[in-house]
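Laid out in structure tokens, this is it:
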């Protein structure tokens, strides 16, 4: 609480009534003085407003916030302290007001601690209480001594605003003599150096105060009729240029004789009016926003962006951005950034500093940045802003390689720290989380002959089949990829082309693999790593065996890896179609023509010719394209028909030996995919039989109907004519009898 001092003067003793009147006047004077102090302080603080007038905005920027509440330092009567506002509060009580021993500090109650008050010590050796002299005339004004106070900032403030004001105090006998006191206030030093008037900007002042150079001088209009009833105030606000760590004030204690009657009085001066001081600091709400995809492929690229904006109300006088690339991310790259950003290993640091300064994050409070002057920098020069209110610091982009494990979580945080007070600390950090998708890969397989997939999968002996196995990574990074191709059901009907196995990974140079050997021949690749969209391609060739008629050539590929493939995974049944290839060799049909040996036996009969017709909805069609029935060299009556696929066909005899008849009609037969032959209507065609892969056509006996040419046709013709004559005679007799009855 402020200390009170009794005012003494040289007036003669007075009556009890006079004393009571003086006490009453003093009480009125104290109440008005307290009200006046409130007015001073509100004026000094600018009504706690964060925005100056238009003139002040153009001169000193906007967005000051008052530091409060002040508190007297324990066990001290000359010092008070306060925490700076916003994020700077994390630094503790970093601003101190210290008065010389001739001043006693206090915090006025009811004002929320928004300013610190200094009352002069009436007994200070620096003051002359008889400074008005003997019997001074009305209007005499003199200096009676000085007081000194210094505000220090543990965290230097860019271009701070200081407010200061002095109350006036009148004392004396109401009917005889009065004297008034106040303080003229000077900013005498900044950062420990004499103050430069050109670096002090007055932005507010009362009408009865004159600002000149570095000093506010009062010319109060005081009451000359009744002492103590009209205390006056004054308030000044000055913006101090520079990165300020201290401001020193000198208070010149002034006295004026405001009323003097005869006989003249020689007063003893009293200073009951205090000096109030407040501090405003720039307040810039810096906000950082970091963005990243929620999902990326395992082993894929994560792209981050960072942006800092200033929501004001003040311009920013420096800041840093810090971003540490997570430990589970590799290959970090600073893709783009404004000047002042560097990436060292995994540590991104951006620094936006005013000219002549470097800016670094405070070691104690992560949202506070410290500005350090470079050699030769004038710390009292106006500190220019680096990011005006409403502007943004953008285009910071980082990238890195995500973990190869699916489901890995990557958490990244960016932090912005400001030199100025930041009112909202919650938006000084921004955290994003990215999860890796499990890698996805698949396997497929094809079989071609001459670069073309055989129609209906049909091949023939001697064909060279080229197998292609493809492993494709569609997302992420797949490790431990191994392809296994089982050839046990291939090489039983084909032979491996030596040295044909080749493995090509990600379009690189082909690598030879060893030929498969053993009872269960397999091709197995070495372990591979595929990064989407890379592929691994395994190719090899086999030659279909010369006796592999009506056979199936089948093989299956499987794969393993750190993550199983979506197709052809080892141990998964049923096996997908893309994992297996089945090529079927064409059939070879033998046609044997037999005739009678005259002793109820059968012998091979030459002289015939055959063709095989397609089936057209159950009737004979056209000859099978690309294949003909050819005689087997050195074998009488034996023919072969090769390259035939499974299906229904018709056998037609196109030429018969001399003196024999053709097969009466084409005979339908079927060939299954496994090479099984069967006559469709065997009962109606007893002369055509099947055994294994051979169709046997037997010539008919001499007395049999000419199902096949076997002898002269005259006896059969005579018999037929006689049968027709008999039928005609029977019809004629029947008609004659009918007419007679009618």
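Residue numbers (our numbering): 310 to 1051. We put the beta carbon where it would ideally sit given N, CA and C, even for glycine.
Expected contact under 8 Å - CB spacing of residue i and residue j to nearest Å
i           : j           : result
residue 867 : residue 879 : 4 Å
residue 599 : residue 723 : 4 Å
residue 721 : residue 616 : Their Cβ separation, rounded to whole angstroms, is 14 Å, which puts residue 721 and residue 616 out of contact at 8 Å.
residue 799 : residue 864 : 5 Å
residue 984 : residue 859 : 3 Å
residue 437 : residue 597 : In fact, because the Cβ distance is near 58 Å, the residues do not count as touching under 8 Å.
residue 425 : residue 497 : About 18 Å; that fails the 8 Å criterion.
residue 771 : residue 852 : 7 Å
residue 470 : residue 548 : 5 Å
residue 422 : residue 379 : 5 Å
residue 933 : residue 923 : 6 Å
residue 584 : residue 492 : 5 Å
residue 499 : residue 556 : 6 Å
Candidates the options: closest to residue i by CA position
i            : options               : result
residue 728  : 423, 1006 and 462     : 462
residue 710  : 386, 608 and 488      : 608
residue 701  : 391, 625, 667 and 927 : 625
residue 1054 : 771, 753, 759 and 770 : Nothing can be reported for residue 1054: it is not among the residues displayed for the chain, which extend from 310 to 1051.
residue 606  : 718, 385 and 381      : 718
residue 948  : 962, 935, 642 and 805 : 962
residue 716  : 688, 498 and 637      : 637
residue 563  : 853, 439, 739 and 800 : 439
residue 976  : 823, 969, 986 and 415 : 986
residue 794  : 822, 972, 642 and 467 : 822
residue 508  : 687, 578, 576 and 993 : 687
residue 527  : 477, 511, 750 and 586 : 477
residue 504  : 512, 495 and 511      : 495
residue 387  : 714, 451, 401 and 428 : 428
residue 921  : 952, 818 and 991      : 952
residue 634  : 604, 733 and 742      : 742
residue 621  : 604, 631 and 590      : 590
residue 970  : 902, 954, 619 and 415 : 902
residue 441  : 838, 410, 473 and 488 : 488
residue 468  : 522, 992, 690 and 733 : 690
residue 664  : 830, 656, 610 and 684 : 684
residue 982  : 592, 891, 916 and 838 : 891
residue 1115 : 869, 939 and 443      : Given a span of 310 to 1051 for the chain in the structure shown, any question on residue 1115 remains unanswerable.
residue 435  : 480, 990 and 561      : 561
residue 592  : 627, 613 and 899      : 627
residue 1001 : 907, 988 and 992      : 988
residue 817  : 825, 833, 839 and 451 : 839
Beta-bridge partners of residue i, as assigned by DSSP
i           : result
residue 903 : 913 and 1007
residue 750 : 782
residue 896 : 953
residue 831 : 795
residue 566 : 488
residue 556 : 460 and 499
residue 940 : 948
residue 397 : None, per the DSSP bridge assignment.
residue 811 : 821 and 848
residue 389 : 381 and 406
residue 510 : 548
residue 655 : Beta-bridge pairing links residue 655 to no other residue.
residue 918 : 964
residue 521 : 524
residue 412 : 429
residue 842 : Answer is none; residue 842 lacks a bridge partner.
residue 775 : 757 and 850
residue 480 : 488
residue 561 : 455 and 493
3-residue-minimum beta strand (DSSP E) runs that sit fully inside the stretch 668–743, ordered along the chain:
678–682, 701–710 and 718–727
What residue ranges within the stretch 955–1019 form continuous beta strand (DSSP E) runs of no fewer than 3 residues, ordered along the chain?
As summarised for the stretch 955–1019, the continuous beta strand (DSSP E) elements at least 3 residues long and confined to that stretch are 956–964, 976–980, 986–988, 997–1000 and 1003–1007, given in chain order.
So does the stretch 772–781 actually touch the stretch 841–849, counting three or more Cβ pairs closer than 8 Å?
yes
Runs of beta strand (DSSP E) lying entirely within the stretch 452–477, each at least 3 residues, in chain order:
470–475
Contact between the stretch 704–718 and the stretch 645–657 is defined here as three or more beta-carbon pairs at a separation below 8 Å; is this criterion met?
Contact between the stretch 704–718 and the stretch 645–657 is present, because at least three Cβ pairs lie under 8 Å.
Every unbroken beta strand (DSSP E) inside the stretch 854–885 [3 residues or more]:
861–869
Is it true that the stretch 666–673 meets the stretch 762–773, where meeting means three or more beta-carbon pairs spaced less than 8 Å apart?
In this structure the stretch 666–673 does not touch the stretch 762–773; the number of beta carbon pairs closer than 8 Å is below three.
Taking 8 Å as the threshold, find out whether the stretch 578–588 comes into contact with the stretch 515–523 through three or more Cβ pairs.
Flag = no, the stretch 578–588 and the stretch 515–523 do not touch.
Quick check for students: name the residue ranges of the beta strand (DSSP E) that lie wholly in the stretch 586–624, counting only runs of 3 or more.
593–600, 604–606 and 610–622
Specify whether the stretch 544–554 and the stretch 397–416 touch according to this definition: at least 3 beta carbon pairs, one from each stretch, less than 8 Å apart.
no
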